[in-house]
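A.B. asks: One structure, pasted below without further comment.
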Amino acid sequence: MTLGYVGAHPPAGTIVVVGQLATFYYFLHFLVLIPLIGKIERPRPLPTSIGAAVLGPAGAAGGTDMPRFVLAVAAVLALAAGSIGIARAQEEAPPAPHQQWSFEGVFGTYDEAALQRGYQVYKEVCSACHAVKHLYYRDLSELGYSDDQVKGIAAQFQVTDGPNDQATCSSARESPRTRSSALRQ
Ligand code: HEC
185 MTLGYVGAHP PAGTIVVVGQ LATFYYFLHF LVLIPLIGKI ERPRPLPTSI
235 GAAVLGPAGA AGGTDMPRFV LAVAAVLALA AGSIGIARAQ EEAPPAPHQQ
285 WSFEGVFGTY DEAALQRGYQ VYKEVCSACH AVKHLYYRDL SELGYSDDQV
335 KGIAAQFQVT DGPNDQATCS SARESPRTRS SALRQ
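Quick note on numbering: the sequence shown equals residues 185 to 369 in the numbering used here.
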């Protein structure tokens with residue numbers, strides 16, 4: 185039941201430890217306790233009469249098995265402590281350092297210089313493989329570029345039209361209103 189409950193919850197925090205303990209008991213019960221009980225109980229012969237002869241073997245069997253039982257329980261407890269220790273160690277992983285972002289919170293603002301550096305990196309590095317064909321050049325004004333700067337950026341690129349009636353292709357400078365399908369170098 186416990187395992188069913190734990191399984192229905194996202195594995196986090198206490199749920200993990202409870203799940204580990206319950207799983208542990210599940211296996212302890214079937215793999216250790218039941219065989220042990222069988223071992224301890226079987227040697228006792230059915231008393232044919234109430235006499236000293238019956239108590240003798242039963243006492244001896246209990247005497248040899250008890251230390252083993254205690255050892256097994258101790259080993260099992262040590263294992264449990266170990267697995268809990270591992271869980272603790274995992275939970276105590278150092279938290280990621282808190283970053284101060286200028287865009288944090290409702291009143292956060294973007295650092296335009298950083299945005300424009302990002303665009304430069306994109307243009308010089310990433311655009312070799314990644315296109316931003318769904319953006320328009322005018323979208324660059326979101327990064328703090330003035331209209332004239334956007335026009336300047338768009339004009340650095342050329343598009344080649346598809347063939348016209350005379351089957352020739354013309355190329356034109358891109359404008360802020362063109363999609364940046366050619367926003368590559
Ligand atoms: C040499 C070509 C190349 C360059 C340059 C490049 N990328 Fe990539 N990028 C790829 C490829 C290929 C994949 C897809 C890899 C995959 O899916 O296994 C990818 C995947 C990605 C992804 C994951 C996309 C997703 O859907 O999971 C991101 C994010 C990314 N790149 C960002 C960047 C950034 C930022 C830059 C510039 C700093 C950059 N890439 C430069 C080729 C490149």
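Backbone N, C-alpha and C define an ideal beta-carbon position, used for all residues, glycine too.
Leucine 327 and proline 299 - do their beta-carbons sit closer together than 8 Å?
C.D. replies: Looking at the sequence provided, one finds leucine at residue 299 rather than proline. A contact, by the Cβ cut-off of 8 Å.
A.B. asks: Could you please go through the chain and list the residues whose beta-carbon is closer than 5 Å to any non-hydrogen atom of ligand 1?
C.D. replies: Result: Val309, Cys310, Ala312 and Cys313.
A.B. asks: Per DSSP, which one or two residues make a beta bridge with glutamine 283?
C.D. replies: Answer is none; glutamine 283 lacks a bridge partner.
A.B. asks: If you draw a straight line from the alpha carbon of alanine 265 to that of alanine 258, how long is it in whole angstroms?
C.D. replies: Whole-angstrom Cα-Cα distance: 10 Å.
A.B. asks: Can you tell me whether threonine 352 is helix, strand or coil according to DSSP?
C.D. replies: In the structure shown, threonine 352 sits in coil (DSSP, three-state: anything other than H, G, I, E or B).
A.B. asks: With a CB to CB cut of under 8 Å and the five nearest residues on each side skipped, what residues in its chain are close to tyrosine 303?
C.D. replies: Closer than 8 Å at Cβ, skipping near neighbours: Leu324 and Leu327.
A.B. asks: Taking the straight line between their C-alpha atoms, what separation do you get for proline 194 and tyrosine 210?
C.D. replies: The alpha-carbon atoms of proline 194 and tyrosine 210 are separated by roughly 20 Å.
A.B. asks: Using a threshold of 8 Å, state whether the C-beta atoms of valine 260 and leucine 212 are closer than that.
C.D. replies: Yes, the pair counts as a contact, with Cβ atoms nearer than the cut-off.
A.B. asks: In angstroms with no decimal places, state the Cα-to-Cα distance between lysine 335 and phenylalanine 291.
C.D. replies: Distance between the alpha carbons of lysine 335 and phenylalanine 291: 30 Å.
A.B. asks: Checking 8 Å against the spacing of the C-beta atoms, do isoleucine 337 and tyrosine 321 come in under that value?
C.D. replies: Against a cut-off of 8 Å, the Cβ pair of tyrosine 321 and isoleucine 337 comes out as a contact.
A.B. asks: Mind checking whether leucine 187 and alanine 206 have CB atoms under 8 Å apart?
C.D. replies: A contact, by the Cβ cut-off of 8 Å.
A.B. asks: From the DSSP output, in three-state form, read off valine 305 for me.
C.D. replies: Here valine 305 sits in helix by DSSP.
A.B. asks: Take the Cβ of tyrosine 189 as the centre, count every other Cβ of all protein chains shown within 10 Å, and call the residue buried at 16 or more, exposed below.
C.D. replies: Tyrosine 189 should be labelled exposed.
A.B. asks: Span of the alpha helix (DSSP H) holding valine 334?
C.D. replies: 331–339 is the span of the alpha helix (DSSP H), which, as asked, contains valine 334.
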